[in-house]
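Novice: One structure follows; several queries about it will come next.
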Amino acid sequence: MRESTAINIELNGRTPPAFIAVEGPIGVGKTTLAKRLAASFNYHTLLEDAQDNPFLENFYRNRKPAALATQLFFLFKRAQKIQDMRQRDIFEPVRVADFLIEKDPLFARVNLEQQEFQLYEKVYQQMTIDAPRPDLVIYLQASTDVLLSRIGDRGVSFEQGIERDYLERLNEVYSEFFLYYDGAPLLIVNASEIDLANGESDYRHLVDYLLDIRSGRHYFNPTFFG
Amino acid sequence: MTPVYIALGSNLQEPARQLCLAVTAVSQLPDSHIERVSSTYRSAAVGPGAQPDYLNAVLRLGTRLGPLKLLDALQQIEQSQGRVRGERWGARTLDLDILLYGDSQIDSERLTIPHPAMRQRNFVLYPLAEIAERNLVLPDGTVLDTLVAQCPRDNIVKTGPGIYKSQLHIHGE
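Here the protein sequences come in this chain order: A and B.
If you count by the working numbering, then the first sequence holds residues 1 to 226, one letter each, in order.
If you count by the working numbering, then the second sequence holds residues 1001 to 1173, one letter each, in order.
This is the structure we're talking about:
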């Protein structure tokens, strides 16, 4: 799908990263940012459409019994999306995704009982997921309080049952994962105090910043810009 | 480049998040690059009152910044992360301490190196030993391994990195 509400961005001769993956916990604004970037760069989006998981509503109501089904559905879906994308690669070489496949085992570790996790690992290891390496990973990061209030604001009914403890644990797992992540150039965005969904200047600032990234870890913290 | 060891610690505002941001902020210091980051270690807070657990780690930075310039930069990172939403300057949520600065011994008003408290603290010594060069000797001749051997591990628990390795093939690696 190609997004149409483009915002003019000054590239000044800079080439945007060909494949961008946006990551972060529930409610932080991954999909919104992915769509916005796609519009700015005239890219295609690769969205995981989490709400299409038929087990998710039950999962948020009562996590344990629905965890394995929810997890396996996500795993197959994400692997499928990556497979489809590889097949279309020649025709649609540039895109922005709202997930990294590596997130899948992170959720599994948080949500599954030990024996379920062992089963999940076997399935995961049987699958050959040939994922293209992103040219830039953007990790949107916010405090649990901010996530809770954004989940409240966007008002998806079955998300309203998400418990604070669960969100806190997810946030922690993401932080630890990205503390050591070196699979691609990484931009960590302190998204607690900026509005990337509506705000014009924060978004422009961010795009201008990411266009200069070629390697390594970077930190976009708007509080530094005062 | 001078090899510098920096201890990171947090027990407020989601410590794992604070350390993740801190490592990234340190990685952006001028004339510097991070060479290694230890695992994270969790430990119960000591002292009176019920405090949340601490999360600690140590990183090794190669830098051309002088010790006081580096101290200034680290304090700026501490302050920027210590800011609590809604307050102008809230409680500090991050500590960044210079443990060792090459072979230097510094004893000034603002800075004492080696860090005076590093000799007895398990949550500093264990992550430091994990990433330090082999047979590291402190400027006063103390061998790091000896300090570690004398320091009980007690209640610290290694928590990170815990990254799940799999059959995942990332194209281009």
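The beta carbon of each residue, even a glycine, is placed where N, CA and C say it ideally should be.
Give the residues of chain B in contact with isoleucine 188(A), contact being defined as C-beta atoms less than 8 angstroms apart.
Specialist: Cys1020, Leu1021, Thr1024
Novice: Check whether the segment 12-25 of chain A and the segment 170-190 of chain A are in contact - that is, three or more C-beta pairs closer than 8 angstroms.
Specialist: Yes: the two stretches touch, three or more of their Cβ pairs being nearer than 8 angstroms.
Novice: Closer than 6 angstroms by C-beta to valine 94(A): which residues in its own chain qualify, once you throw out the five before and the five after it? Chain order, please.
Specialist: Listed in chain order, the non-local C-beta contacts of valine 94(A) below 6 angstroms within the same chain comprise Ala18, Tyr43, local neighbours out to five positions each way being set aside.
Novice: Taking Cβ-Cβ distances shorter than 9 angstroms, what residues in chain B pair up with histidine 218(A)?
Specialist: Thr1024, Ser1027, Gln1028
Novice: Looking at the C-beta of leucine 179(A), does it have a partner C-beta in chain B at a distance below 8 angstroms?
Specialist: Interface residue, yes.
Novice: With a threshold of 8 angstroms between beta-carbons, can glutamine 1120(B) be considered close to chain A, or not?
Specialist: no
Novice: Since leucine 46(A) sits in a beta bridge, which residues does DSSP pair it with?
Specialist: In the DSSP output, where bridge partners are listed per residue, leucine 46(A) has Ala97(A).
Novice: Secondary structure at glutamate 102(A), three-state DSSP: helix, strand or coil?
Specialist: coil
Novice: Would you say the segment 129-137 of chain A touches the segment 76-85 of chain A, given that touching needs at least three Cβ pairs under 8 angstroms?
Specialist: yes
Novice: Following the continuous alpha helix (DSSP H) through tyrosine 180(A), name the residue where it begins and the one where it ends.
Specialist: 164-180 is the extent of the alpha helix (DSSP H) around tyrosine 180(A).
Novice: Looking only at C-alpha atoms, which of Leu1059(B), Leu1021(B), Leu1055(B) sits nearest to glutamine 1079(B)?
Specialist: Leu1021(B)
Novice: So that I know if they touch, is there some Cβ in chain A lying closer than 8 angstroms to that of serine 1032(B)?
Specialist: For serine 1032(B), the answer is no, since every Cβ of chain A falls outside 8 angstroms of its Cβ.
Novice: Would you verify that the beta carbon of arginine 1060(B) is, or is not, closer than 8 angstroms to some beta carbon of chain A?
Specialist: Cβ-Cβ to chain A under 8 angstroms: no for arginine 1060(B).
Novice: Among all the DSSP beta bridges, which residues are the ones paired with threonine 1112(B)?
Specialist: Asp1107(B)
Novice: With leucine 1125(B) and cysteine 1151(B) assumed to form a contact (beta carbons below 8 angstroms), what rounded beta-carbon distance in angstroms separates them?
Specialist: 5 angstroms
Novice: Using DSSP's beta-bridge definition, name the partner residues of alanine 21(A).
Specialist: Ala97(A), Val137(A)
Novice: What is the DSSP secondary structure of phenylalanine 55(A), reduced to helix, strand or coil?
Specialist: Phenylalanine 55(A): coil per DSSP, three-state reduction.
Novice: Would you say valine 1124(B) reaches chain A, if we count a Cβ-Cβ gap shorter than 8 angstroms as a contact?
Specialist: no
Novice: So is lysine 122(A) buried or exposed if we call it buried at 16+ other beta carbons inside 10 Å?
Specialist: exposed
Novice: Taking C-beta pairs closer than 9 angstroms, name the residues in chain A that glutamate 1014(B) reaches, listed in chain order.
Specialist: Ser143, Thr144, Glu168, Asn171, Glu172, Ser175
Novice: From the DSSP output, which residues share a beta bridge with tyrosine 1005(B)?
Specialist: Arg1060(B), Leu1100(B)
Novice: If we ignore side chains and look at the alpha-carbon of each, how far apart do lysine 35(A) and threonine 45(A) end up?
Specialist: 7 angstroms
Novice: Report yes if the C-beta distance between threonine 31(A) and phenylalanine 55(A) is below 8 angstroms; otherwise report no.
Specialist: no
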